[in-house]
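Let me begin by presenting the structure, written as structure tokens, before commenting on it.
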Amino acid sequence: MTAPSQCSPTSAPGPDGIPYSTWKQVSRETPSILLQILSPLVSLGYHPASLKGSTGIVLDKPGTPSYESPASFRIIVLIRPVSKILEKIIASRLLLAARSKGMLNPNQCGSLPGLSTYDAVLTLFNDVKTLQRPRLKVSSLFLDIKPGFDNVDNSTLARIRREGGIPRYLDSCVSSFLGERSCTLVFQGAPGSPAPVNVGAPQGSPISPLLFLLYISPLHFKVPCGLMI
1 MTAPSQCSPT
11 SAPGPDGIPY
21 STWKQVSRET
31 PSILLQILSP
41 LVSLGYHPAS
51 LKGSTGIVLD
61 KPGTPSYESP
71 ASFRIIVLIR
81 PVSKILEKII
91 ASRLLLAARS
101 KGMLNPNQCG
111 SLPGLSTYDA
121 VLTLFNDVKT
131 LQRPRLKVSS
141 LFLDIKPGFD
151 NVDNSTLARI
161 RREGGIPRYL
171 DSCVSSFLGE
181 RSCTLVFQGA
191 PGSPAPVNVG
201 APQGSPISPL
211 LFLLYISPLH
221 FKVPCGLMI
């Protein structure tokens with residue numbers, strides 16, 4: 001299992017306080033133990049309720065003139081490392097299935113292995129130079145979707161997955177992962193009790209970037225790639 005080795009040892013632990021280094025040591029001593037624990041969960045499409053709780057560290061945004069609005073703060077979400085290992089396994093399988101079904105636009109760069117923002121910049125630069133050679137006028141439209149993860153509608157995402165032909169067990173994995181989640185906010189004066197989270201994909205999760213890409217994938221196919229007049 002390569003998922004534990006891909007995890008950063010410097011990442012903060014989640015609500016259980018168990019860091020990645022502990023799970024890496026467990027994986028080194030008994031390589032099969034995580035496979036025995038997590039494989040049945042993937043096969044059954046089940047994400048345990050004990051792994052769905054997260055801790056939200058509330059931080060002030062520097063330079064904000066007033067802190068009366070919730071927008072003046074940002075939240076760092078901490079998830080249990082063992083849950084992240086499970087999510088990495090699901091994400092790798094979901095990525096293969098989404099690509100094989102043509103659900104991800106080939107022009108998508110970022111949040112995918114082997115393609116980054118650097119590739120997107122080079123592609124745009126090449127397209128602009130190619131169109132400028134015959135003295136065509138070129139313009140680009142940039143859209144900033146924020147906050148993206150927080151506004152993912154789970155029912156819409158479920159429809160996209162099923163219409164795209166994602167295998168049933170992976171669809172169940174994602175539905176179980178996103179359902180009945182909770183988060184405990186940590187800041188001065190907070191009650192310290194978990195609050196339900198009914199919308200969005202959790203920040204800090206290895207699978208959330210891919211889920212967001214699937215959520216906005218219809219935009220890639222509806223917006224024309226280019227228009228020359």
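So the sequence shown is numbered by our numbering: it starts at 1 and just counts up by one. For glycine and all other residues, C-beta sits at the position ideal for the given N, C-alpha and C.
Query: C-beta atoms of P81 and P13 nearer than 9 Å; Result: yes
Query: Beta carbon of G148 nearer than 9 Å to that of L214; Result: no
Query: Residue range of the unbroken alpha helix (DSSP H) whose run includes G164; Result: 154-164
Query: C-beta contact flag for V121 and A201 at 9 Å; Result: no
Query: Distance between T117 and V138 (C-alpha atoms, nearest Å); Result: 21 Å
Query: Selected residue, minimal CA-CA separation from S11, among G53, I85, P106; Result: I85
Query: Beta-carbon gap between N94 and L38 smaller than 9 Å; Result: In the sequence as displayed, the identity of residue 94 is Leu instead of Asn. Not a contact, by the Cβ cut-off of 9 Å.
Query: Buried versus exposed, by CB contacts within 10 Å (16 or more), F212; Result: buried
Query: Reference K101, options L141, I166, G45, closest by Cα; Result: I166
Query: Three-state secondary structure assigned by DSSP to F187; Result: coil
Query: L104 burial status per 10 Å Cβ neighbour count (16 or more: buried); Result: buried
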